[in-house]
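Number of protein chains: 2
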Amino acid sequence: MKATILIRPKAGILDPQGQAVETGLGHLGFTVRNAHVGRLVELEVEATDSADAHAQIERMCEQLLANPLIESYEIVVEAAA
Amino acid sequence: MKATILIRPKAGILDPQGQAVETGLGHLGFTVRNAHVGRLVELEVEATDSADAHAQIERMCEQLLANPLIESYEIVVEAAA
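Top line first, the protein sequences correspond to chains A and X. When we follow numbering that gives the first Met the number 0, the leftmost residue of the first sequence carries the number 0, and every step to the right adds one. When we follow numbering that gives the first Met the number 0, the leftmost residue of the second sequence carries the number 0, and every step to the right adds one.
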């Protein structure tokens with residue numbers, strides 16, 4: 000089952016990559032605000048249904064994919080083909 | 000206007016982060032396949048409409064946000080509030 004995980008810096012946490020993007024784009028003549036940079040993880044997991052896939056991926060996020068102290072994550076499980 | 004940019008390694012390009020995620024999750028007892036790690040950029044841009052926002056962000060991706068040689072990008076502009 001295919002899934003996409005969106006990992007974002009939590010609000011209020013310093014986001015140096017987002018600041019660098021804002022500054023860099025400003026130097027190129029673009030005006031942007033509130034730039035934030037996170038990670039995008041896509042994977043396929045063996046699961047009986049989408050609830051099972053969601054539960055497995057939640058454990059993966061807590062254990063390896065994200066740092067729950069400073070990052071939040073959003074799990075999107077694709078409907079089975 | 001808010002926008003989300005999903006930046007992924009192109010198919011066929013070596014993705015060491017994705018491989019590390021697969022290996023790491025395997026060591027934790029999870030079975031996953033085809034893991035890929037990309038970047039997620041969220042920002043707000045001044046634009047007259049969503050087509051303008053899309054065009055501006057495409058230029059940002061080509062110039063700074065992505066490496067078009069090895070990465071593909073997907074731009075999602077949110078409907079104006």
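Glycine residues also receive a C-beta, built at the ideal position from the N, C-alpha and C atoms. Bear in mind the structure is a predicted one, so any value in this text is a computation, not a measurement.
Exercise for the section: Step through the CB atoms of chain A and report whether any lies within less than 8 angstroms of the CB of Ala78(X). Expected result: no
Practice task
Please name the residues in the region 32-57 of chain X whose beta-carbon is closer than 8 angstroms to at least one beta-carbon of chain A, in chain order.
Solution key: Arg32, Asn33, Ala34, His35, Val36, Gly37, Arg38, Leu39, Val40, Glu41, Leu42, Glu43, Val44, Glu45 and Gln55
Exercise for the section: Measure the C-alpha to C-alpha separation of Pro67(A) and Asp14(A) and round it to an integer number of angstroms. Expected result: 15 angstroms
Problem - CB contact flag (Gln16(A), Val31(A), <8 angstroms) - result: no
Practice task
Identify, in the order they occur along the chain, each residue of the same chain with its Cβ nearer than 7 angstroms to the Cβ of Ile56(A), setting aside the five sequence neighbours on each side.
Solution key: Ala2, Ile4, Val44 and Ile74
Practice task
Between the Cα of Ile6(A) and those of Val40(X), Val76(X) and Gly25(X), spot the shortest distance and give me the residue it belongs to.
Solution key: Val40(X)
Problem - Phe29(X) versus Ala50(A): straight-line alpha-carbon distance, rounded - result: 16 angstroms
Exercise for the section: Kindly indicate if chain X contains any beta-carbon less than 8 angstroms away from that of Thr22(A). Expected result: no
Handout entry: Under the three-state DSSP convention, the category Ser54(A) falls into
Key = The sequence given here places Ala at residue 54(A); Ser does not occur at that position. The answer is helix: DSSP assigns Ala54(A) an H, G or I state.
Problem - Distance, Lys9(X) Cα to Leu24(A) Cα - result: 23 angstroms
Practice task
Inspect the beta-carbon positions of Glu77(A) and Met0(A) and report whether they are closer than 8 angstroms.
Solution key: yes
Exercise for the section: Could you name the residues of chain A that Met59(X) contacts, counting a contact when the two beta carbons are closer than 7 angstroms? Expected result: Leu24 and Phe29
Exercise for the section: Measure from the C-beta of Ile18(X) to each C-beta in chain A and report whether the shortest distance is under 8 angstroms. Expected result: The question names Ile, yet the displayed sequence has Gln at residue 18(X). It does not; no Cβ of chain A falls within 8 angstroms.
Handout entry: Nonlocal neighbours in the same chain, by C-beta distance under 7 angstroms from Ile12(X), ignoring five residues either side
Key = Ile69
Practice task
Would you mind sorting Ala65(A) into buried or exposed? The rule is 16 or more other CB atoms within 10 Å of its CB.
Solution key: buried
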